[in-house]
Amino acid sequence: SLYVSEYFSQSAQKLSFYSWYGNAKLFHFHVPEDTVLLRWLLQASRGKGPECTSMEITVHFRHGAPPVINPLGTRFPANATVRPSYNISITLSSAVQNTTFVNVTTPASGDWFIAAHLPQAAGRIEVKGFSTPCPYMFQADMFVLRLTDMPVLEPGVPMPHTVLSPAKPLHVKVFVPKHAAGMRFQLNTCVTSEQRACTVRVLLGSITLPQSFQRSLTCTGSINCSLALDSPPWEKWLQIVVESLGTANASVSVEMLASFTVCRPGSTSSFLNFISLNQSQAGARPGAAGSSAPAAGGAPHNVSGQRSSCLQSQPVVREDLDVVSVRYRLLNGPSVPVSSLSPSLLLLNLNTGMDSGGSLVVNLLLNKTSTSLANATVAACVSAASPVLSLNATRNCSTAFSQGYPLSVSTSSAEAMLIVLYPQTDDWFLSLQLLCPKGQGECTSAEAKVTVFAYLTPCFNDCGPYGQCSLLRRHGYLYAGCSCKAGWGGWSCTDDTKAQTVGTQNLATLLLTLSNLMFLPAIAVAVYRYYLVEASVYTYTMFFSTFYHACDQPGVAVMCIMDYDTLQYCDFLGSVVSIWVTILCMARLKKILKYVLFILGTLLIAMSLQLDRRGVWNMMGPCLFALIIMVTAWVHHGAKRRHCYPSSWKRWVFYLLPGITLAFIAISVYAFMETNENYYYTHSIWHVLVACSVAFLLPPRDKHKKPWAWSQKLTCRYQICQNDREELYAVT
Numbered sequence: 001s002l003y004v005s006e007y008f009s010q011s012a013q014k015l016s017f018y019s020w021y022g023n024a025k026l027f028h029f030h031v032p033e034d035t036v037l038l039r040w041l042l043q044a045s046r047g048k049g050p051e052c053t054s055m056e057i058t059v060h061f062r063h064g065a066p067p068v069i070n071p072l073g074t075r076f077p078a079n080a081t082v083r084p085s086y087n088i089s090i091t092l093s094s095a096v097q098n099t100t101f102v103n104v105t106t107p108a109s110g111d112w113f114i115a116a117h118l119p120q121a122a123g124r125i126e127v128k129g130f131s132t133p134c135p136y137m138f139q140a141d142m143f144v145l146r147l148t149d150m151p152v153l154e155p156g157v158p159m160p161h162t163v164l165s166p167a168k169p170l171h172v173k174v175f176v177p178k179h180a181a182g183m184r185f186q187l188n189t190c191v192t193s194e195q196r197a198c199t200v201r202v203l204l205g206s207i208t209l210p211q212s213f214q215r216s217l218t219c220t221g222s223i224n225c226s227l228a229l230d231s232p233p234w235e236k237w238l239q240i241v242v243e244s245l246g247t248a249n250a251s252v253s254v255e256m257l258a259s260f261t262v263c264r265p266g267s268t269s270s271f272l273n274f275i276s277l278n279q280s281q282a283g284a285r286p287g288a289a290g291s292s293a294p295a296a297g298g299a300p301h302n303v304s305g306q307r308s309s310c311l312q313s314q315p316v317v318r319e320d321l322d323v324v325s326v327r328y329r330l331l332n333g334p335s336v337p338v339s340s341l342s343p344s345l346l347l348l349n350l351n352t353g354m355d356s357g358g359s360l361v362v363n364l365l366l367n368k369t370s371t372s373l374a375n376a377t378v379a380a381c382v383s384a385a386s387p388v389l390s391l392n393a394t395r396n397c398s399t400a401f402s403q404g405y406p407l408s409v410s411t412s413s414a415e416a417m418l419i420v421l422y423p424q425t426d427d428w429f430l431s432l433q434l435l436c437p438k439g440q441g442e443c444t445s446a447e448a449k450v451t452v453f454a455y456l457t458p459c460f461n462d463c464g465p466y467g468q469c470s471l472l473r474r475h476g477y478l479y480a481g482c483s484c485k486a487g488w489g490g491w492s493c494t495d496d497t498k499a500q501t502v503g504t505q506n507l508a509t510l511l512l513t514l515s516n517l518m519f520l521p522a523i524a525v526a527v528y529r530y531y532l533v534e535a536s537v538y539t540y541t542m543f544f545s546t547f548y549h550a551c552d553q554p555g556v557a558v559m560c561i562m563d564y565d566t567l568q569y570c571d572f573l574g575s576v577v578s579i580w581v582t583i584l585c586m587a588r589l590k591k592i593l594k595y596v597l598f599i600l601g602t603l604l605i606a607m608s609l610q611l612d613r614r615g616v617w618n619m620m621g622p623c624l625f626a627l628i629i630m631v632t633a634w635v636h637h638g639a640k641r642r643h644c645y646p647s648s649w650k651r652w653v654f655y656l657l658p659g660i661t662l663a664f665i666a667i668s669v670y671a672f673m674e675t676n677e678n679y680y681y682t683h684s685i686w687h688v689l690v691a692c693s694v695a696f697l698l699p700p701r702d703k704h705k706k707p708w709a710w711s712q713k714l715t716c717r718y719q720i721c722q723n724d725r726e727e728l729y730a731v732t
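Anchor point for the sequence shown: position 565 equals 565 in the UniProt record's numbering, and the numbering is continuous, going up by one each time.
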């Protein structure tokens, strides 16, 4: 046999602390056909700074779709099916780097996904650039060992082969045809090279994670050994591995045989179905009445076909609506006839490779008037790769190599829903069959009608009123996740364990908005002291901060007067410009210089906020530069007057020191105390402290100007000008 090794690598990603699925870093690989060994190389590293501590990285694996994880232990939505993901932990303690290998023998071909994340986020709101977080990096590489000339086992044809040694198992594959109801694998002969009774182990199927349904068969001696499989995966290659359990030097000769039981589907005319579809789309037109005659004539033939077939396939149209958004429409109408003789089968195509990043929703509604048996039940199974064809014999919806999802409707419970989170890339099947408690003979002639609604959506119920559905991307692969707010959690933001009440949401909105009214004293002081430009800036800041926080609320108490991004930008701009003009006003510069700095600084602040809105230097930079200008101006005034500036001790004790203290407390609260839980009152305290500090720090008015003197300049009349100059008269 010829083996070929291949290597696939993806760039490293910086890990994040987990608060929702978007924090998990996803890696997407494709395993080729005939792979006999898969090895993951997982490399984790951290920075070398003092802020880097020991950390545990959790890595999840899944075949066919991104792993469904729940690190926070929250509740999933009702009717959602969740199976635990396969995960390992990588610890970074004293070592800066950790390398881990994960081996998978005979892996399933197709898409494989790896998701990695750090532990739960602490919830602190950190100012960008104020502290340096430790970088934790993670990279996943994939090695595969592929067999280029794997022997093919033809159905119904015995195949002799030799297992050379226990270290070199035999790999063969067989193709499972469509409509295969069962498969039987048989080992006819098994003889060692020493003419002794041999012991071999046969493995059928491939390994998938998080759950693997690989079948094992141990055969001892030369007698026939067989294994029967129900509902093998349709139109796929099935790997078979034969391992020798004997001595190391003895070879084993075996003869294998595979046979299939094919299920004949009911005769349905796709041509007639498409004619009826075109008629329903085009509406009434000439010749439409005549074209319905063949369909009516074909109906008795289909009914007779139900009596002799093992399944009734219902034609389904896949309608792509948007990214990770698909709707399935039945050509014969939303109602599906269900009988007890054979299951009705619907094909839900999810094999495009871009459908596994959403949620598959299947809703069944029983028409109570359609069945005459009050105690009958319609059993349904949703399965991947192959349908469940024996619902009357088994209720656990298991196939040969997978576990389906059961559903049931009856007259007492006429509606059922199933949500499959991140369905794997494959053909999905919905099987329905009518079951009677006293046996199938009771409902041989009975029939029920079930309305089927099936669709693929990015986020179930659009994450509800307390969540936001976000479309995530990893290279060319798209998947969706819910980001919850107002204390809600869970996969679809349905877990209200830590949810905020409506009263708490209203209180948070009132605190964050009404706390901006503390700028009114600062505005009044600025107007009283004839600082009209500064008062205009404070009014601008108060207005946009109020309505930004009214729009930024996570709950139901929300009001947006304009676009959210515009409100946020104006709020950030007003906050920084308010600090800028206040410090420059304290510097007591000449008017022309002060207003030039006002305009120039505002333009530069607007530019920097456009580049990085949350950067710490967008606020610290203008503050430091304005403080340098103020200190320089104060030193100049003090040197010119030959005493300390400001010269009044009352100005220092009753205005400057309280204002500076309030400003430092506000900065401390803003930078170190804010978390997601206490944001609404700590940020409100920030509003109050900043507004009060502005009122204290504004300098007094010029001595030659009277209070409210600006109102006198708005009059339009003749005035007698007062000459304040002292005139000297010479007496002779």
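Glycine is no exception: its CB is placed at the ideal position from the N, C-alpha and C atoms.
Exposure label - residue i; buried when at least 16 CB within 10 Å
i              : result
leucine 341    : buried
cysteine 381   : buried
glycine 283    : Low confidence applies to glycine 283: its pLDDT is 44, below 50, so where it sits in the model is not reliable enough to give any reading.
proline 437    : exposed
glutamate 235  : exposed
histidine 301  : The predicted model places histidine 301 with a pLDDT of 36, which falls under 50 and marks its position as unreliable, so this point remains unresolved.
residue 735    : Limits of the chain in this structure are 1 at one end and 732 at the other, which puts residue 735 out of reach.
serine 386     : buried
isoleucine 419 : buried
methionine 150 : buried
asparagine 618 : buried
histidine 683  : buried
tryptophan 580 : buried
Reduced DSSP category for residue i - H, G, I as helix; E, B as strand; rest coil
i              : result
lysine 168     : strand
threonine 192  : strand
tryptophan 686 : helix
asparagine 103 : strand
glutamate 534  : helix
glycine 64     : coil
proline 521    : helix
serine 335     : strand
isoleucine 90  : strand
When the options are compared against residue i, the one with the closest alpha-carbon
i              : options                           : result
aspartate 563  : Val576, Phe664, Val694 and Phe544 : Phe544
alanine 80     : Asn506, Ser386, Cys493 and Asp111 : Cys493
serine 19      : Val104, Tyr3, Ala12 and Gly123    : Gly123
serine 42      : Phe260, Gln10, Ala448 and Ala508  : Contrary to the premise, residue 42 reads as leucine rather than serine in this sequence. Among Phe260, Gln10, Ala448 and Ala508, the Cα nearest to that of leucine 42 is on Gln10.
threonine 444  : Val338, Gln468, Gly49 and His63   : Val338
asparagine 506 : Leu147, Tyr680 and Val157         : Tyr680
serine 216     : Asn224, Asn103, Ala228 and Leu209 : Ala228
valine 323     : Leu164, Val616, Ala480 and Gln97  : Ala480
cysteine 134   : His171, Leu147, Val68 and Met55   : Met55
threonine 148  : Ala140, Ser5 and Leu593           : Ser5
glycine 47     : Leu15, Pro77 and Glu33            : Leu15
proline 50     : Ser94, Thr582, Arg75 and Gly333   : Ser94
histidine 28   : Val316, Thr100 and Arg473         : Arg473
proline 334    : Val502, Met559, Val452 and Ser206 : Val452
threonine 501  : Ala376, Leu532, Ala486 and Cys570 : Ala486
leucine 204    : Leu153, Ser193 and Val191         : Leu153
CB contact flag (residue i, residue j, <9 angstroms)
i                 : j                 : result
isoleucine 57     : leucine 92        : yes
leucine 187       : serine 226        : yes
phenylalanine 113 : proline 66        : yes
leucine 407       : glutamine 433     : no
phenylalanine 17  : aspartate 141     : no
valine 202        : valine 176        : no
leucine 609       : leucine 573       : yes
arginine 146      : threonine 220     : no
arginine 62       : phenylalanine 101 : no
C-beta neighbour in chain B for residue i, strict 9 angstroms
i           : result
alanine 258 : This model lacks chain B altogether, as it is built from one protein chain only.
- Could you tell me which uninterrupted alpha helix (DSSP H) segments, each at least 4 residues in length, are contained entirely in the stretch 574 to 652, listed from first to last along the chain? 591 to 611 and 617 to 641
- Could you tell me which uninterrupted beta strand (DSSP E) segments, each at least 3 residues in length, are contained entirely in the stretch 193 to 274, listed from first to last along the chain? 199 to 204, 215 to 220, 225 to 230, 236 to 244 and 252 to 262
- Fully enclosed by the stretch 348 to 423, which beta strand (DSSP E) runs are 3 residues long or longer? 359 to 366, 377 to 384, 405 to 410 and 415 to 421
- Task: Counting only runs of 3+ residues fully inside the stretch 426 to 497, write out the beta strand (DSSP E) ranges in chain order.
- Result: 426 to 435, 447 to 457, 467 to 474 and 477 to 484
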